[in-house]
Amino acid sequence: MAVRRNHNEKREREEIINKFYTVFSEDGLENPEERFKLLDLFLDSENHLSLNKLHEMSQAAGLFLTPQKISDYMDIFERYGLAEKVENQDGNVLYEHLHLGKHHDHMICVKCGKILEFEDADIEHLQNSVAAYHGFLPLKHSLTMYGLCDKCQGEREKFIRLSDANPGERVRIERFMGGHRLKNRLLSMGLSVGKEVEVLNAGRPGPTIIAVDGSRIALGHMLSRKVWVLVNHF
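Residues in the sequence shown are numbered consecutively from 107, following our numbering.
Written as structure tokens, this is what we have:
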């Protein structure tokens, strides 16, 4: 459900639309009416919106725009400083409002897709200090952390198949589900019970790529399903 703004924010939204109606007209952009109907829908929601979601919202509001036209309009809104892009865990683009004079970063759950916004003055100060140390002038930046939210962590089993681990996770091998031939094959690859590995990519159903002792190892999907690991033990 979309989060509605208060009275002051609604008035601010109307002022933005009125101002940019003139700006867009002066720049010769076509179809100002439908563009501003989409802008109004976008500004009326505080959610992070995908193109598909914007298309659903426009259809429900009686604004019948093609997905391509919505994409083109959102690119315009981004160019004019009204929107900015955020990539979710699958690399899909989401749009959020660009609030003037404000900055926040994101934590994105790779399981459910939940997006948490946060502000931290210490992080901002540290980034500026690092930039100054290198003689670098920062103009803009974004910080996005991918992981698991509290809810998804609570619903997760302690032991999972290696094939079900998420990219970026560090896990510990607990057991192999197979005979001596399978165990010997995995041992020859440097994998043994108690070994800690980092998941670089989880194919599902493709190969799982892991880092072990400074080397990359690719395990087929069926093979990685036979390796059980312990998560959240660090």
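Quick reminder that beta carbons are idealized off the backbone N, C-alpha and C, glycines included. Computed from a predicted model, the values in this text were never measured in an experiment.
Query	Result
Look up F282 in the DSSP assignment and say whether it is helix, strand or coil.	strand
Give me the residue from E184, K217 and R185 with the minimum Cα distance to Q195.	K217
Relative to the alpha-carbon of G255, which residue among N272, D226 and L222 has its alpha-carbon at the smallest distance?	Looking at the sequence provided, one finds Cys at residue 255 rather than Gly. Selected option, being the one with the closest Cα: L222.
Quick check on DSSP: helix, strand or coil for V236?	helix
Can you tell me whether DSSP reads F183 as helix, strand or coil?	helix
For E120, which three-state DSSP category applies?	helix
Is K191 helix, strand or coil when you go by DSSP?	strand
Using the three-state DSSP reduction, which class does F130 fall into: helix, strand or coil?	helix
Report the three-state DSSP secondary structure of H209 (helix, strand or coil).	coil
Please confirm whether W334 and R287 have their CB atoms less than 8 Å apart.	no
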